[in-house]
Amino acid sequence: ECKQNSREHMMRESLQDRERDSSPRENPSIPLHYTGLSIAREARSRQGAGDEAVSCGDTSSGPATVTVTAETLFKPSEDGQTPQVVVLVGAAGMGKTTTVRKVMVEWAEGTLQEQFDCVFCIDCKGMTLAKEASVADLVSQCCPHQGVPAGKILDDQKILFILDGFEALGFSLLQPEAELSSDPNEVKPLEVTLMSLLKKTVLPEASLLITTRPTALQSLGQCLEGEYYAEILGFSAARREEYFHRYFENANKAGMAFRFARGNEILYSLCTIPVMSWTVCTILEQELGRKKNLLECSKATTRMTMSYLSQLLKHRDRNNPQVLQRFLLQLCSLAADGIWKHKVLFEEKEVKDRGLDQPDLLPLFLNEKIPKEGEDYGKVYGFTHLHLQEFFAAMFYVLEEDEETVGDLERLEKDVNKFLESYSESRKDLNVTVRFLFGLVSQKSMEYVGKTIGCRISPQGREELLKWLQRRHTGISHPSQALKVSELDTFHFLFEMNEKSFAQRALGCFTDLDLQDMRLSLYDQMALSFCLQQWAGLGCITLRGCFFPQEDPRAELDPLMPRPDPIWLWEGVVPWVWWAGEQLGQVCRAPRSPRLSCRLQWCRLSESCCAELAALLAEHPSLAQLEVGDSTLGDGGVRLLCEGLRRPGCHLRVLR
1 ECKQNSREHM
11 MRESLQDRER
21 DSSPRENPSI
31 PLHYTGLSIA
41 REARSRQGAG
51 DEAVSCGDTS
61 SGPATVTVTA
71 ETLFKPSEDG
81 QTPQVVVLVG
91 AAGMGKTTTV
101 RKVMVEWAEG
111 TLQEQFDCVF
121 CIDCKGMTLA
131 KEASVADLVS
141 QCCPHQGVPA
151 GKILDDQKIL
161 FILDGFEALG
171 FSLLQPEAEL
181 SSDPNEVKPL
191 EVTLMSLLKK
201 TVLPEASLLI
211 TTRPTALQSL
221 GQCLEGEYYA
231 EILGFSAARR
241 EEYFHRYFEN
251 ANKAGMAFRF
261 ARGNEILYSL
271 CTIPVMSWTV
281 CTILEQELGR
291 KKNLLECSKA
301 TTRMTMSYLS
311 QLLKHRDRNN
321 PQVLQRFLLQ
331 LCSLAADGIW
341 KHKVLFEEKE
351 VKDRGLDQPD
361 LLPLFLNEKI
371 PKEGEDYGKV
381 YGFTHLHLQE
391 FFAAMFYVLE
401 EDEETVGDLE
411 RLEKDVNKFL
421 ESYSESRKDL
431 NVTVRFLFGL
441 VSQKSMEYVG
451 KTIGCRISPQ
461 GREELLKWLQ
471 RRHTGISHPS
481 QALKVSELDT
491 FHFLFEMNEK
501 SFAQRALGCF
511 TDLDLQDMRL
521 SLYDQMALSF
531 CLQQWAGLGC
541 ITLRGCFFPQ
551 EDPRAELDPL
561 MPRPDPIWLW
571 EGVVPWVWWA
581 GEQLGQVCRA
591 PRSPRLSCRL
601 QWCRLSESCC
611 AELAALLAEH
621 PSLAQLEVGD
631 STLGDGGVRL
641 LCEGLRRPGC
651 HLRVLR
C-alpha cells in the first residue's frame with residue numbers, strides 16, 4: 001500500500017509543471033511527449049562533456065550512444081557489475097530534469113519494479129528544508145502525506161535516490177569523515193546528510209542518480225567512488241523529427257514545421273539542444289496559427305536563437321541588470337576571440353580574467369570540460385554549441401558599451417569592417433557569424449534584445465553592413481557589364497535581417513541576378529523569394545544549371561507516406577515556377593520594372609512545370625525573354641507553353 005501511494009504521488013508530481021512560471025507546453029505530459037535523448041556512457045571516468053564543442057549536432061558520430069532510460073542508465077557493464085551511482089551530465093536546456101521525470105514515471109508505471117522498490121527525487125534547486133535534516137526527513141519531503149514513517153520505508157528496500165540539479169547546492173560537500181552519518185534517522189546539517197548519501201556511509205546499498213551541469217563535475221567527483229558517467233548529447237537526427245511530431249500532435253503541422261527547420265542548416269543543427277527544439281516549435285506553432293504555411297515565416301535563425309537565450313535567462317535575477325550586461329559583453333568578447341583564432345576551448349584563466357566565473361550565469365553558456373585521467377592540464381570550457389559561440393561572437397560587434405560595463409582588459413578590436421573584409425577575402429568559416437550580424441541589427445532584433453535582455457544594439461552597424469554588401473558586388477561585376485549579384489550568401493544575409501526597406505536599398509544599384517551550378521535548398525529558395533520581391537530594378541535572372549529539391553512546401557503531406565529518398569531528385573521542380581512564381585510575377589508587375597529576362601538552362605525542368613510557366617507568360621507582360629534549354633519538357637509541356645504564348649497578355653520577345 002505504501003509503494004502504491006508513493007507511485008500515485010510520483011505520477012502526480014511528474015505530470016505537473018515543475019516551474020511556477022512555465023506553460024504546459026514547457027513541461028508537457030511525459031508519457032505522451034517525451035522524446036528519447038542520446039547519451040554517451042562512460043564507466044568510472046571523470047571525463048567531462050567531450051573534447052570540443054558540439055559543432056554540427058550530429059550525435060551519431062563519436063562515442064557509442066544509447067537512448068536515455070532508467071534501464072540504460074543502470075545497465076550492467078561488460079563485467080556484469082550494475083552501477084550504484086550514475087552521474088547524468090548535461091548543459092542547461094539539454095533535458096536533465098525531463099529525463100528525471102521520465103525515470104519517475106517509469107517507476108510509477110511499474111516498469112522499474114524489479115530494479116527499485118522505491119524512488120525518491122530530491123530537487124536541489126528547490127530545496128526548502130531547514131538547515132538540519134536526516135535522510136528520513138528528505139524522504140518525507142519527497143513523499144508527503146504517506147501516513148507511514150519514512151524510517152520504515154527505508155528498511156530492506158531497493159531504493160533509488162535522485163539528486164536533480166546538484167550544481168545548485170550552495171555549500172561545500174567536503175565534510176570530515178568522522179562527521180558523516182550511518183543512521184537514516186539521525187538529524188545532521190543538510191550538507192553532512194547529503195555527503196553521507198554520496199559517500200555511502202548511510203544506506204550503502206541504495207542507488208544514486210545525480211544530474212548536474214558540467215561545472216560541478218570536479219567537486220562532485222571528489223565525493224564519489226565507482227561512479228558511472230552518462231553525458232546527454234541531445235537529440236539525434238531521428239529524434240529531432242520525432243520531437244516535432246510529438247510536440248504538434250497534428251501530423252500535417254508537424255511535417256511542415258520539421259521541413260522548415262530541416263531546410264535551415266544552422267537552425268536544424270541547433271535543434272540538437274532540446275530546449276532549442278522547444279523554442280523553434282513554439283515559434284513555428286504561433287506562425288502556423290496565423291497562416292496556412294511557413295513560406296513567409298519572418299522568424300529567422302537569429303530571432304529563434306534570441307528566444308532561446310531569453311528562455312535561459314527568464315528565471316535569472318533582474319534586480320541588477322548591469323551584472324548581466326557586463327557578463328554578456330565579456331562572454332561575447334570571449335566568443336569572438338575564439339572565432340578569430342579557431343578556438344572552441346578556453347582555459348580557466350581566460351574565463352576568470354574576463355570575470356565570467358559567476359556560478360549562476362557561467363553554466364548557462366559554457367560547459368566545463370574535465371580532463372581525462374592521466375592528463376595534467378586544468379579546467380577548460382567550451383560553448384554548448386559552436387553556432388551559439390558564433391551567435392555571441394556576432395553580438396560582440398554590435399552590442400553598445402558604456403563606461404560602467406567596459407572593463408580594463410586588453411580587448412579584441414571591435415572593427416566590423418575588418419571582420420567583414422576578412423570574410424570576403426578568405427575566412428569563409430565566418431559565414432554563420434556574418435549571418436547572425438545581419439539578424440542582430442534588424443529593428444525587431446534591437447527592440448527584442450533591449451526588452452528581454454536589457455542590452456542595447458548599436459544601429460551604426462546597419463550602415464556598415466549595407467555599404468559592405470554594395471561594395472563587394474560592385475567589385476565583382478565587370479566594368480562594361482551590368483551590376484549583378486552572384487553570391488548566394490547575400491540573399492541569406494538579407495533574409496536573416498528580414499527588412500524590406502534594407503533589402504531594397506542593398507539591391508537597388510544592381511540589375512542582374514546570376515547564380516550558376518548551385519544546389520538551391522528550400523531555405524535558399526525562401527531567401528531568394530524574399531529578395532526578389534524587394535528588387536525593383538531587376539532586369540535579368542540567370543539560374544543556369546541550378547538544382548532544386550523535389551519538395552513542395554505548400555503541400556500538407558502525410559509524414560507517414562514514403563518520401564523521395566535522396567534530395568538529389570530534382571526533376572519536376574523549379575523555384576519561381578513551382579512555388580515562387582507569384583513572387584516573380586510581382587517583380588514583373590512592378591511599376592518601374594525593366595523588361596525581364598529569365599534564364600533557366602540546364603535546370604532539368606520537366607513537363608510538370610510547364611503549366612506554371614505558361615501562366616507566367618500570359619499574366620506578366622514584363623517577361624520579355626525566357627530560356628529553358630537542355631530540359632525535358634516533352635511534347636505535352638511544349639503544348640502547354642504554346643497555349644501561354646497565344647494568350648493576349650504574353651509579350652515574350654525571345655524564347656530559347
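So the sequence shown is residues 1 to 656, counted in full-length UniProt numbering.
Positions of the beta carbon are idealized from the N, C-alpha and C atoms, including for glycine.
#1: Quick one: using the 10 Å Cβ neighbour count with 16 as the cut-off for buried, is Val-85 buried or exposed?
#2: Could you check whether Glu-368 and Thr-201 sit closer than 7 Å to each other, using their CB atoms as the reference points?
#3: I'd like to know whether the C-beta atoms of residue 659 and Glu-400 end up nearer to each other than 7 Å.
#4: Could you say if the stretch 223–234 and the stretch 481–496 meet the contact criterion of at least three C-beta pairs nearer than 8 Å?
#5: Can you have a look at Thr-82 and say buried or exposed, based on whether 16 or more other CB atoms are within 10 angstroms of its CB?
#6: For Gln-131, does the three-state DSSP call read helix, strand or coil?
#7: Taking the C-alpha atoms as reference points, what is the distance between Ser-77 and Gln-311?
#8: Buried or exposed: which applies to Val-398, given that a residue is buried once 16 or more other Cβ atoms fall within 10 Å of its Cβ?
#9: Beta-carbon within less than 6 Å of Tyr-34's beta-carbon, same chain only, minus the 5 sequence neighbours each way: which residues are those?
#10: Determine the direct distance from the alpha carbon of Gln-358 to that of Val-187, and round the result to whole angstroms.
#11: Tell me whether Ser-236 is buried or exposed, calling it buried when 16 or more other Cβ atoms sit within 10 Å of its Cβ.
#12: Taking Cβ positions, are Cys-124 and Ala-168 nearer each other than 7 Å?
#13: Looking only at DSSP bridge pairs, what is Gly-234 linked to?
#14: What is the DSSP secondary structure of Ile-266, reduced to helix, strand or coil?
#15: Can you name the start and end residues of the alpha helix (DSSP H) that Thr-99 belongs to?
#16: Could you tell me whether the Cβ atoms of Tyr-448 and Met-276 are closer together than 7 Å?
#17: By how many angstroms is the C-alpha of Glu-499 removed from the C-alpha of Ala-614?
#18: Relative to the C-alpha of Ala-261, which residue among Cys-281, Pro-274 and Phe-248 is closest?
#19: Based on the DSSP output, what are the partners of Gln-625 in its beta bridges?
#20: Please list, in chain order, all residues of the same chain as Tyr-308 whose beta carbon is under 6 Å from its beta carbon, the five residues on each side excluded.
#21: How is Thr-272 classed by DSSP in three states: helix, strand or coil?
#22: On the three-pair Cβ rule with 8 Å, is the stretch 459–475 touching the stretch 350–365?
#23: Quick check on the DSSP output: the alpha helix (DSSP H) that includes Leu-174 runs from which residue to which?
#24: Are the CB atoms of Glu-347 and Val-380 within a distance shorter than 7 Å?
#25: Pro-648: buried (16+ other C-beta within 10 angstroms of its C-beta) or exposed?
#26: My output table needs one value for residue 708: the three-state DSSP class, helix, strand or coil.
#27: How many Å lie between Val-434 and Phe-396 at the Cα?
#28: Going by DSSP, which residues form a beta bridge with Cys-121?
#29: Alpha carbon to alpha carbon, how far is Glu-26 from Ala-133?
#30: Since Thr-452 sits in a beta bridge, which residues does DSSP pair it with?
#31: Going by the beta-carbon positions, is the gap between Ala-393 and Ala-336 smaller than 7 Å?
#32: Is Thr-211 helix, strand or coil when you go by DSSP?
#33: Just verifying my parser: in three-state terms, what is the DSSP assignment at Lys-253?
#34: Out of Asn-185, Arg-213, Glu-464 and Leu-488, which one is the CA nearest neighbour of Lys-428?
#35: Between the Cα of Glu-607 and those of Leu-617, Met-497, Leu-640 and Phe-438, spot the shortest distance and give me the residue it belongs to.
#36: Give the range of the alpha helix (DSSP H) segment to which Val-344 is assigned.
Reading off the structure:
#1: Residue mapping note: residue 85 aligns to position 85 of the sequence shown, counting from 1. Buried.
#2: Here the question's residue 201 lines up with position 201 in the sequence shown. Here the question's residue 368 lines up with position 368 in the sequence shown. Cβ distance not < 7 Å, so Thr-201 and Glu-368 don't count as in contact.
#3: The chain is shown only over 1 to 656; residue 659 falls outside these bounds and no answer can be derived.
#4: No, the stretch 223–234 is not in contact with the stretch 481–496.
#5: One-based indexing of the sequence shown puts residue 82 at position 82. Exposure of Thr-82 is indicated by the presence of fewer than 16 other C-beta atoms within 10 angstroms of its C-beta.
#6: Stepping through the sequence shown from its first residue, residue 131 is reached at position 131. Contrary to the premise, residue 131 reads as Lys rather than Gln in this sequence. Reduced to three states, the DSSP call for Lys-131 is coil.
#7: Against the sequence shown, residue 77 aligns to sequence position 77. Against the sequence shown, residue 311 aligns to sequence position 311. The straight-line gap from Cα to Cα measures roughly 38 Å.
#8: Numbered from its first residue, the sequence shown carries residue 398 at position 398. Within 10 angstroms of the beta-carbon of Val-398 lie 16 or more other beta-carbons, which makes it buried.
#9: Locating residue 34 in the sequence shown gives position 34, counting from the first residue. Taken in chain order, the residues that qualify are Lys-102.
#10: Taking the sequence shown and counting its residues from 1, one reaches residue 187 at position 187. Taking the sequence shown and counting its residues from 1, one reaches residue 358 at position 358. So the two alpha carbons sit approximately 32 Å from each other.
#11: Indexing the sequence shown from 1 puts residue 236 at position 236. The residue in question, Ser-236, is buried, as its Cβ has 16 or more Cβ neighbours within 10 Å.
#12: The residue given as residue 124 occupies position 124 in the sequence shown. The residue given as residue 168 occupies position 168 in the sequence shown. It is a contact, given that the beta carbons lie within the stated cut-off.
#13: Taking the sequence shown and counting its residues from 1, the one referred to as residue 234 is at position 234. Ser-38, per the DSSP bridge assignment.
#14: Residue 266 sits at position 266 when you count from the first residue of the sequence shown. Residue state, collapsed to three classes: helix.
#15: Position 99 of the sequence shown holds residue 99. Start and end: 96–108.
#16: The residue given as residue 448 occupies position 448 in the sequence shown. The residue given as residue 276 occupies position 276 in the sequence shown. Going by C-beta atoms, Tyr-448 is not nearer than 7 Å to Met-276.
#17: By 1-based counting over the sequence shown, the position of residue 614 is 614. By 1-based counting over the sequence shown, the position of residue 499 is 499. Roughly 32 Å between the two C-alpha positions.
#18: By 1-based counting over the sequence shown, the position of residue 261 is 261. Measuring C-alpha to C-alpha distances from Ala-261 to each of Cys-281, Pro-274 and Phe-248 identifies Cys-281 as the nearest.
#19: Here residue 625 refers to the residue found at position 625 of the sequence shown. Under DSSP, Gln-625 takes part in a beta bridge, and its partners are Ser-597 and Val-654.
#20: Translated into positions along the sequence shown, residue 308 becomes position 308. Within the same chain, Tyr-308 has close Cβ partners Met-276 and Thr-279.
#21: Sequence index remark: in the sequence shown, residue 272 carries index 272 (1-based). If DSSP states are grouped into helix, strand and coil, Thr-272 belongs with coil.
#22: Not touching, per the Cβ criterion.
#23: Here the question's residue 174 lines up with position 174 in the sequence shown. Membership of Leu-174 in any alpha helix (DSSP H) is not indicated, and neither H nor E is assigned to it by DSSP.
#24: The count along the sequence shown starts at 1 and reaches residue 380 at position 380. The count along the sequence shown starts at 1 and reaches residue 347 at position 347. With contacts defined by Cβ atoms closer than 7 Å, Val-380 and Glu-347 form a contacting pair.
#25: Taking the first residue of the sequence shown as 1, we reach residue 648 at position 648. Looking at its Cβ environment, which holds fewer than 16 other Cβ atoms inside 10 Å, Pro-648 is exposed.
#26: Missing from the structure shown is residue 708; the chain here goes from 1 to 656 and no further.
#27: Counting from 1 along the sequence shown, the entry for residue 434 is found at position 434. Counting from 1 along the sequence shown, the entry for residue 396 is found at position 396. Whole-angstrom Cα-Cα distance: 12 Å.
#28: Counting from one through the sequence shown, the residue named residue 121 turns up at place 121. In the DSSP output, where bridge partners are listed per residue, Cys-121 has Ile-162.
#29: Walking along the sequence shown from the start, residue 26 turns up at place 26. Walking along the sequence shown from the start, residue 133 turns up at place 133. The predicted model places Glu-26 with a pLDDT of 48, which falls under 50 and marks its position as unreliable; any figure quoted below should be read in that light. Distance between the alpha carbons of Glu-26 and Ala-133 is about 32 Å.
#30: Taking the first residue of the sequence shown as position 1, residue 452 is located at position 452. DSSP links Thr-452 through a beta bridge to no other residue.
#31: The residue labelled residue 393 in the question sits at position 393 within the sequence shown. The residue labelled residue 336 in the question sits at position 336 within the sequence shown. Against a cut-off of 7 Å, the Cβ pair of Ala-336 and Ala-393 comes out as a contact.
#32: As a first step, residue 211 must be located in the sequence shown, where it is residue number 211. The three-state reading of DSSP puts Thr-211 in strand, counting E and B together.
#33: Sequence index remark: in the sequence shown, residue 253 carries index 253 (1-based). Three-state DSSP puts Lys-253 in a helix.
#34: Mapped onto the sequence shown, residue 428 falls at position 428. Nearest option by C-alpha distance: Leu-488.
#35: The sequence position of residue 607 within the sequence shown is 607, counting from 1. For the residues Leu-617, Met-497, Leu-640 and Phe-438, the minimum Cα distance to Glu-607 belongs to Leu-640.
#36: Here residue 344 is taken as the residue at index 344 of the sequence shown, counted from 1. First-last for Val-344: undefined, no H or E at that position.
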